[in-house]
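A short worksheet on the structure shown next.
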Amino acid sequence: MDYPLLNAFWTMCLIFLWVLWLILLFRIIGDIFRSHDLGNWGKTGWLVLVIVLPFLGVFIYVIARGHGMSEREVAQAERQQKQLRAYLRDTAATGDEAGGHADALAKLADLKNHGDITEEEFQKAKAKILA
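As numbered in the UniProt record's numbering, residues 1 to 131 make up the sequence shown, in order.
This is the structure:
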């Protein structure tokens with residue numbers, strides 16, 4: 001089969017452009033659903049345009065609403081970051097309480113083992129920590 005190097009290069013360029021367009025298409029569809037300033041009919045109209053006339057619809061969307069795509073992406077990332085921090089803060093707070101009890105009990109056991117406190121003092125302090 002005759003397949004010169006220039007034809008292979010041209011085929012690779014076309015595949016690259018096709019994949020690039022697909023990525024852009026999915027990002028635009030995600031941006032349409034993420035956009036809070038569009039109503040339901042606006043979202044439907046953009047989706048119909050992008051699906052029925054894919055190449056033209058993508059280019060029109062990028063020209064008409066492309067400036068806000070990055071702003072919506074950044075806002076989404078900030079919301080996700082806030083949710084992650086809140087989750088980690090809540091999880092760490094729960095873990096700190098359990099870890100704090102374990103640390104306090106370990107210190108009490110260490111004091112008892114060194115003879116600094118009696119068994120009775122150890123039991124009272126342990127009950128106070130666990131209560």
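Note that beta-carbon positions come from the ideal geometry of N, C-alpha and C, so glycine has one too.
| Once you ignore the five residues that flank residue 19 on each side, which residues in its own chain have a CB closer than 6 Å to its CB? | none
| query | Can residue 104 and residue 129 be called in contact, C-beta distance under 8 Å? | reply | yes
| Which whole-angstrom value is the C-beta distance of residue 79 and residue 34, which I expect to be below 8 Å? | With 8 Å as the limit, residue 79 and residue 34 do not qualify as a contact, their Cβ atoms being about 10 Å apart.
| field | 8 Å Cβ cutoff met for residue 49 and residue 63 | value | no
| field | Burial state of residue 46, where buried means 16 or more other Cβ atoms lie within 10 Å | value | buried
| said: Between 65, 124, 107, 82, which has its C-alpha nearest residue 37's C-alpha? | reply: 65
| request: Would you please verify whether the beta carbon of residue 50 is less than 8 Å from any beta carbon of chain B? | output: The chain inventory of the structure shown lacks chain B, comprising one protein chain alone.
| message | Spatial neighbours of residue 125 within its chain, please: C-beta separation below 7 Å, excluding the five flanking residues on both sides. | response | 108
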